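First comes the structure, then the notes that go with it.
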Amino acid sequence: MLWKRSHLGRLFAGSVLLGLLWSLWTSPYSPAAFSRADAALAAGQPLVAVARYDAIAQSSFFESQRRVALHRSANVWAVELANPEQAQMRLETLVQMPLPQDELASVQASLAALWVEEREILSASQAFLEAFETAPTSPHAASRLINAARLSGEAGKPKMALELWTRLGFHFPDHGPLAAVGQGEIHLAEGDVQAALSLFEDASHTAINADLEAVARLGAATCLERLGNLDGALAEMDFIDLPEEVLLQRREGIRHRQSIGGGAF
């Protein structure tokens, strides 16, 4: 009888221990909580995954875990569930938290990417600029500044775009040719053709990327055509590595203007 009681006691204690272990395993406090959320995402269950990430974000004792969980939840809402509002809500919560610089910049860049998807172009540009300024030595700093410059131009802010392209060339000399092309495009759009031509020509001589050189030379050819130098425009086209049908169309357009005595415009 005593043996039976002892055996039952051990069974009861064992079941309690198993229950506690299972409770710990399934709780958001568990070290395995992230693994369970990641596994749900890998299994094609994004709603289960965000529920688990959100539980960690709300309940974990460790702020670093809460931050990571919020960011992962935001990414799943944005990418897997195509719900930018839910993603934005979590990212904006993260931005208000005391984050390390690189982590804050990553969140700001994620917000910028969301706004690009939502066509909030000026907000996206400002968020990319904030991400650059938050972590100017990050490996992603140059790409964030490039995005900020491009989007500010797209948003109809040429003065801001020029300033940002100038900053790119100053802070990242390796991107100088790209900065010159960006500035040239702004000047050309604003009607300052001579300034644009100078920038495009500089970029075409210094670009180490064939695609960027082609863009710079095409910009220079466009400027020369605008200035009435049609022979110069045609000569520039000879150096451009673009699809033959594109080059043929541009050459035919320039030659047509030559045939009718086209000048500057």
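Start counting the sequence shown at 421; every next residue gets the next number (the numbering used here). Beta carbons are placed, not taken as given, at the ideal position from N, Cα and C, and that holds for glycine. Keep in mind the model is a prediction, meaning the values are calculated, not measured.
query	result
CA-to-CA distance, residue 587 to residue 645, given in whole angstroms	29 angstroms
Helix, strand or coil at residue 552 according to DSSP, with G and I counted as helix	helix
Short Cβ contact (8 angstroms threshold) for residue 630 with residue 661	yes
Residue 583, DSSP secondary structure in three states	helix
DSSP three-state assignment for residue 657, whether helix, strand or coil	helix
Which of helix, strand or coil DSSP assigns to residue 540	coil
Minimum C-alpha distance to residue 746 - residue among 623, 468 and 543	Residue numbering for the chain in the displayed model covers 421 to 685; residue 746 lies beyond these limits and cannot be assessed.
Spatial distance of residue 641 from residue 649 (CA atoms)	9 angstroms
Contact check, residue 598 vs residue 632, beta carbons under 8 angstroms	yes
Inter-stretch contact (C-beta, 8 angstroms, three-pair minimum) for the region 500-508 and the region 462-478	yes
Residue 465 - DSSP class collapsed to helix/strand/coil	coil
CA nearest to the CA of residue 515, picked from 605, 454 and 490	490
Inter-residue CB distance, residue 653 and residue 623 (contact presumed, cutoff 8 angstroms)	Residue 653 to residue 623, Cβ: 17 angstroms. No contact.
C-beta contact flag for residue 524 and residue 507 at 8 angstroms	no
Enclosing alpha helix (DSSP H) for residue 509 [first to last residue]	504-515
Residue closest to residue 555, alpha-carbon to alpha-carbon, out of 582, 613 and 526	526
Same chain, Cβ closer than 6 angstroms to residue 541, neighbours up to 5 away in sequence not counted	571, 574 and 575
Residue 644 (DSSP reduced to helix, strand or coil)	helix
Residue 501 - DSSP class collapsed to helix/strand/coil	coil
DSSP three-state assignment for residue 434, whether helix, strand or coil	Low confidence applies to residue 434: its pLDDT is 45, below 50, so where it sits in the model is not reliable enough to give any reading.
Cβ-Cβ distance between residue 607 and residue 616 below 8 angstroms	yes
Test item: CB-CB of residue 562 and residue 548 under 8 angstroms	no
CA-to-CA distance, residue 628 to residue 591, given in whole angstroms	18 angstroms
Selected residue, minimal CA-CA separation from residue 611, among 565, 647 and 596	647
Helix, strand or coil at residue 567 according to DSSP, with G and I counted as helix	helix
Secondary structure of residue 481, DSSP reduced to three states	coil
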